[in-house]
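These protein sequence lines map, in sequence, to chains A and B.
At position 41 of the first sequence the residue is numbered 86 (the working numbering), and the sequence of numbers has no breaks.
At position 81 of the second sequence the residue is numbered 189 (the working numbering), and the sequence of numbers has no breaks.
Don't be surprised by glycine CBs; every beta carbon is placed ideally from N, CA and C.
These figures come from a predicted structure and were not determined experimentally.
The structure appears below as structure tokens.
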Amino acid sequence: GDSVTQMEGPVTLSEEAFLTINCTYTATGYPSLFWYVQYPGEGLQLLLKATKADDKGSNKGFEATYRKETTSFHLEKGSVQVSDSAVYFCALSDRNSGGSNYKLTFGKGTLLTVNP
Amino acid sequence: GAVVSQHPSRVICKSGTSVKIECRSLDFQATTMFWYRQFPKKSLMLMATSNEGSKATYEQGVEKDKFLINHASLTLSTLTVTSAHPEDSSFYICSALRDWGPNEQFFGPGTRLTVL
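So this is what it looks like as structure tokens:
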């Protein structure tokens with residue numbers, strides 16, 4: 046079945062540091078890939094997505110590139126801010142998994158703390 | 109826009125009692141909603157897909173008689189944990205798939221259930 050493996054945290058960085066959170070996936074079909082962010086006390090929010098190989102999703106300075114050859118979708122940001130402190134989830138939706146096109150499979154989440 | 113609420117945010121109950129959790133899309137209609145369960149340091153696990161006007165579709169291993177789902181309107185889905193036991197203690201999260209516009213799930217803030 047489908048699965049997502051992401052870097053286990055927690056990750057602690059200083060402000061303006063470079064961020065990478067690794068994410069790899071296993072899917073039977075042609076998945077769409079997502080990064081969600083969960084700020085303290087709030088629900089998950091879509092951060093960015095990519096729907097096919099070599100697509101790059103970007104938002105709020107975050108980027109991730111859909112790499113089919115390495116089955117990866119690593120999240121990066123060049124200069125993190127204190128306000129980026131949150132839990133980040135990598136997820137996929139696989140059209141050919143036999144289920145709904147919209148069902149999501151999540152990684153375990155990575156807690157990021159950015160210190161001033 | 110695209111706000112999803114959950115009520116209650118926290119609930120503590122005695123073993124053997126039933127607990128109802130509400131998920132509402134506040135400013136959009138959602139024919140399809142999803143219920144997830146999140147264990148500490150683990151990924152969100154999809155429990156079931158809730159469809160307005162029809163029976164919910166449960167994931168493998170999820171007891172449908174234990175976790176009753178009712179999607180009574182285009183803005184409300186409820187999850188009832190029947191005869192709750194301590195092992196049902198968890199964080200329950202819902203999401204709503206907007207009926208129009210880009211296909212995206214909007215997540216509620218979650219409900220923390222503790223069964224004593």
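Distance CB(T125(B))-CB(A180(B)) smaller than 7 Å
The answer is no: Cβ separation not under 7 Å.
Measuring CA to CA, which of I201(B), L205(B), F147(B), D196(B) is closest to N159(B)? Checking every option, the nearest Cα to that of N159(B) belongs to L205(B).
Q. For chain A, is any of its Cβ atoms less than 7 Å away from the one on K150(B)?
A. Interface residue, yes.
**OP:** Within 10 angstroms of the Cβ of G216(B), are there 16 or more other Cβ atoms? Answer buried if so, exposed if not.
**Re:** The residue in question, G216(B), is buried, as its Cβ has 16 or more Cβ neighbours within 10 Å.
Q: Spell out whether any CB of chain A is found under 7 Å from the CB atom of F215(B).
A: For F215(B), a Cβ of chain A is located within less than 7 Å of the residue's own Cβ.
Original post:
For T190(B), which residues from the same chain have a beta carbon less than 8 Å from its beta carbon, with the 5 sequence-adjacent residues on both sides left out?
Top reply: Once the five neighbours on either side are set aside, the close Cβ partners of T190(B) are S126, D173, K174, F175, L176.
Note to self: If you measure between the beta carbons of L120(A) and W80(A), is that distance less than 7 Å?
What the structure shows: Their beta carbons are under 7 Å apart, which means L120(A) touches W80(A) by this criterion.
**Request:** Please decide whether F151(A) counts as near chain B, where near means a Cβ-Cβ distance under 7 Å.
**Result:** So, interface residue.
### Closer than 7 Å to chain C by CB, L134(B)
The displayed structure is made up of protein chains A and B, and chain C is not among them.
Inter-residue spacing [alpha-carbon to alpha-carbon] between V170(B) and T157(B)
Going from the Cα of V170(B) to the Cα of T157(B) covers about 12 Å.
Worksheet item: Do L78(A) and A95(A) have their C-beta atoms closer together than 7 Å?
Response: Yes, they are a contact pair.
Let me know the secondary structure DSSP gives S128(A) once reduced to three states.
-> Here S128(A) sits in helix by DSSP.
**Prompt:** Under 7 Å between the Cβ atoms of N66(A) and T155(A)?
**Reply:** Residue identity differs from the one stated: residue 66(A) is Ile in this sequence, not Asn. Yes, Cβ-Cβ distance for I66(A) and T155(A) is below 7 Å.
Mind pulling the beta strand (DSSP E) runs of 3 or more residues that sit fully within the region 156-187 of chain B?
With a minimum length of 3 residues, the continuous beta strand (DSSP E) runs that stay inside the region 156-187 of chain B are 175-181.
Listed from N- to C-terminal order along the chain, which residues in the region 188-212 of chain B have their beta-carbon within a distance smaller than 8 Å of any beta-carbon of chain A?
Those residues of the region 188-212 of chain B that come within reach of chain A (Cβ to Cβ, closer than 8 Å) are I201, S203, L205, N211, E212.
Within the chosen definition, does the region 194-210 of chain B reach the region 131-145 of chain B through at least 3 CB pairs nearer than 8 Å? Output reads yes: the region 131-145 of chain B touches the region 194-210 of chain B.
Q | Where the region 159-171 of chain B meets chain A: residues whose CB sits under 7 Å from a CB there | A | Going along the region 159-171 of chain B in chain order, one finds no residue with a Cβ nearer than 7 Å to chain A.
Check your understanding: If contact means a Cβ-Cβ distance below 7 Å, which residues of the region 104-115 of chain A contact chain B?
Key -> Among the residues of the region 104-115 of chain A, none has a Cβ less than 7 Å away from any Cβ of chain B.
Check your understanding: Applying a beta-carbon distance threshold of less than 7 Å, which residues of chain B neighbour L91(A)?
Key -> Result: E212.
Checklist line | Own chain partners of A110(B) with C-beta closer than 7 Å, once the 5 adjacent residues on each side are dropped | finding: For A110(B), where only same-chain residues beyond five positions count, the Cβ hits under 7 Å are D135, F136, R206, F214.
In whole angstroms, what is the alpha-carbon distance linking S164(B) and P116(B)?
Note that residue 164(B) is Ala in the sequence shown here, rather than Ser. About 21 Å.
Minimum Cβ-Cβ distance from E87(A) to chain B less than 7 Å: Yes, because at least one Cβ of chain B sits closer than 7 Å to the Cβ of E87(A).
query = So which residues of chain B does G154(A) contact, with C-beta pairs closer than 9 Å?
reply = Chain B residues near G154(A): Q146, K149, K150, S151, L152.
- Indicate, with yes or no, if the ligand ATP has a heavy atom lying under 6 Å from the CB of T158(A). The ligand ATP is not part of the structure shown, which contains no ligands of any sort.
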